[in-house]
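Student: Start counting the sequence shown at 276; every next residue gets the next number (my numbering). Following this message is one structure expressed as structure tokens.
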Amino acid sequence: MSLFQNHIFHKNIERFIGSTTPILLGFLFLILGALPLKSVALPNLGAVFLTINIFFWSTHQPNSLKPFGIFLLGILADILGYAPIGVGALGLLLLYFLIEIKRRIFIGSDFLVDWISFAIMSSLVNILNWGLVSLLNKHMLSFSSPLIYYMIGVVLYPIIVFFLEKLKNYLNIEH
């Protein structure tokens, strides 16, 4: 293999890693969240981690996530019991498209802007999901559980993003 071919091969591997990491991490977060860990103190956080993952990669590596991949992760989350089939997928797609619409906010933004944006956008997604599940159940559900998961997501955002940023830098995934 010539030096030129070797360089092209390595670039293709880097591109493949960059394009699959967000989806694979989302899948991993869902599987870890679905493990039958018996803990009253720690609720199932798979959907929370998935939402942070989608937000992070959509804002920091926009070309690495496509709507179809996000849809599949949302359907998997719903199958694992996070919501009725389609609700989680719709919520994650809403998050993705909100980010796409407001893309210019995230170009060169600092952490605080990202964190506040996550808090605002994930609140909209949580309200949408709660409303859809309430409609499907034909009565208004308590908002306490979605509110708790929302607050957990906002609090854990800096920690999860710290590790996602380290992974992104370690894998040398380009913007």
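By construction, the Cβ of each residue, glycine as well, lies at the ideal position given by its N, Cα and C atoms.
(1) Just reading off the alpha helix (DSSP H) that LEU431 is part of, what are its end residues?
(2) By DSSP, does LEU403 sit in helix, in strand, or in coil?
(3) Taking contact to mean 3 or more Cβ pairs, one atom from each stretch, closer than 8 Å, check whether the stretch 321–337 and the stretch 393–411 are in contact.
(4) Given that a residue counts as buried once 16 or more other Cβ atoms are within 10 Å of its Cβ, and exposed if not, what is ILE435?
(5) Using three-state DSSP, classify PRO297 as helix, strand or coil.
(6) Could you tell me whether the stretch 386–398 touches the stretch 419–434, using the rule of 3 or more Cβ pairs below 8 Å?
(7) Using only the alpha-carbon positions, how far apart do GLY349 and LEU365 sit?
(8) Compute the beta-carbon to beta-carbon distance between LEU407 and TYR371, rounded to the nearest angstrom, for a pair I have assumed lies under 8 Å.
(9) Which same chain residues end up closer than 8 Å to TRP405 when comparing Cβ atoms and leaving out the 5 residues on each side of it in sequence?
(10) By how many angstroms is the C-alpha of ARG290 removed from the C-alpha of GLY361?
(11) Tell me whether PHE343 is buried or exposed, calling it buried when 16 or more other Cβ atoms sit within 10 Å of its Cβ.
(12) For ALA358, which of helix, strand or coil comes out of DSSP?
Tutor: Reading off the structure:
(1) 419–445
(2) helix
(3) yes
(4) buried
(5) PRO297: helix per DSSP, three-state reduction.
(6) Short answer: they touch.
(7) 7 Å
(8) Rounded, the Cβ-Cβ distance is 17 Å, inconsistent with contact.
(9) LEU416, PHE418 and PRO421
(10) 30 Å
(11) exposed
(12) ALA358 falls in the coil class under three-state DSSP.
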